[in-house]
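Have a look at the structure below before the remarks.
Residue numbers (full-length UniProt numbering): 1 to 480.
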């Protein structure tokens, strides 16, 4: 799920070369970079409460530049890579938030996220093209932050063999891995589109109808003209032919432009039909009301229903009932709300139910093919449908770091799956140790044990968010 509306500070933690950080705007623009060294006392403090005690008493002078960047750019999220010194860095920065009233007033939340492949990216041709003047140490921090702001755009830059998606990925031929990632990316882009003003050239190259050369041309054109205000403007990109334009333009979105339809999956060749349908429903195409109002008027005018009214989308239902995944949950007894849904359902191709007879009638009235009528109405009733908006971010944001010493048997909390094998899963629950969940302890939504025929791999995948119950704290059995 992309993180929207927040500037953030991304930290690539470490001891030897220090903790590198980058301040990023909500669009991923690099605002500042620097680094800080962790106090020596952290070296012997290990993790947990000892590290927090060190942080509470440590001088905050090394964090002066970081503090200034947070305040100057009003950064409200901090993202920390999950590698070496991750918890020490989190404890140190959390101490700054706790001890500095100005910083605390911003309502900052922190999360740890996967840094798999960030160092590989930092010295890759892609990084050299994007950030040619930046030291490779800081490129890693930029990559860590941007993969939370826009995971799809950023992860396509990382070599697939470096993504760290499970122990079995190295048993698969590299060519097959690359092919699978490319197919998944192209399919996702084709289904949900990309933002003309925000997509990187690496993501644009995955748009059906575009290639690396045309993606480069679009990015160069964008840097020359500034904000792209409409789909029509892209006809002026050097190298884009009328045939190219017709193939790719339906997958491009332009947000906040003069033409509201440019931010939908409606293809420009059907804009005339779209405007006729809107006028028939009493909607001014040049001054559209909110999309839910547009959908309601279209349904009344043409007598059809949303699929959710007839057959509720399980993902949407679960999302509506789920706790806000940006907030930390309590430990200590009480029952947690439902787990936020983890994966996108692909079994629903349209958002509307339009009987063939009704579609044929509307098509006759509009002098258009029935298939086009269905496509346009579907696009207008779900113009910005993006299932990523119902799943968690690339890290569970919390108000502060927890410790394994504080965990007690029976505590409930959310965690993010970091690795899975046949018999177990390892889960990041926001403390210094990964929680270990054996398949024998897995439970379904009703609390019943899962069938013995199932493997952990059949039930969860890396990055899934799951509800956890502490069975044996660290003091009794490490990692549980």
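Glycine included, every Cβ here is placed at the ideal spot set by N, Cα and C. Note that this is a predicted model, so its numbers are computed, not measured.
Asked: So what does DSSP say about residue 15, is it helix, strand or coil?; Found: coil
Asked: Does residue 445 come out as helix, strand or coil in the three-state DSSP assignment?; Found: coil
Asked: Where does the unbroken beta strand (DSSP E) through residue 110 begin, and where does it stop?; Found: 109-113
Asked: Quick check: the Cα distance between residue 177 and residue 159, rounded to an integer number of angstroms?; Found: 10 Å
Asked: So, helix, strand or coil for residue 419, using DSSP?; Found: strand
Asked: Starting from residue 127, trace the alpha helix (DSSP H) in both directions and tell me its first and last residue.; Found: 125-130
Asked: Excluding the 5 residues preceding and the 5 following residue 343 in the sequence, name in chain order all residues of the same chain whose CB lies nearer than 6 Å to its CB.; Found: Any reading at residue 343 must be qualified, since the residue scores a pLDDT of 42, below 50, and its modelled position is unreliable; no value is offered.
Asked: Spell out the partners DSSP gives residue 529 in its beta bridges.; Found: Past the edges of the chain, shown from 1 to 480, lies residue 529, and the structure says nothing about it.
Asked: Which full runs of the beta strand (DSSP E) of 3+ residues lie inside the region 47-94, going along the chain?; Found: 77-81
Asked: For the candidate residues 450, 148, 279, whose alpha-carbon lies nearest to that of residue 80?; Found: 148
Asked: Out of 52, 455, 69, 436, which one is the CA nearest neighbour of residue 98?; Found: 52
Asked: Does the Cβ of residue 312 have 16 or more other Cβ atoms within 10 Å, making it buried, or fewer, making it exposed?; Found: Per-residue confidence for residue 312 stands at a pLDDT of 46, beneath the threshold of 50, marking its modelled position as unreliable; no derived number is given.
Asked: Tell me, to the nearest whole angstrom, how far the beta carbon of residue 250 is from that of residue 265; I am working on the premise that it is less than 8 Å.; Found: 7 Å
Asked: Assign residue 429 to one of two classes, buried (16 or more other C-beta atoms within 10 Å of its C-beta) or exposed (fewer than that).; Found: buried
Asked: Could you spell out where the beta strand (DSSP E) holding residue 437 opens and where it closes?; Found: 435-438
Asked: Here's a check: name, in chain order, each residue in its chain whose Cβ is nearer than 6 Å to the Cβ of residue 260, leaving out the five neighbours to either side.; Found: 288
Asked: Pick from 419, 190, 437: whose alpha carbon is nearest that of residue 114?; Found: 419
Asked: Can you look up residue 175 in the DSSP assignment and give me helix, strand or coil?; Found: helix
Asked: Look up residue 356 in the DSSP assignment and say whether it is helix, strand or coil.; Found: helix
Asked: Mapping the DSSP letters down to three states, classify residue 218 as helix, strand or coil.; Found: helix
Asked: Start and end of the alpha helix (DSSP H) containing residue 118?; Found: 118-122
Asked: Looking only at its own chain, which residues have a Cβ that is under 6 Å from the Cβ of residue 206, when we skip the five neighbours before and after it?; Found: 185, 186, 189
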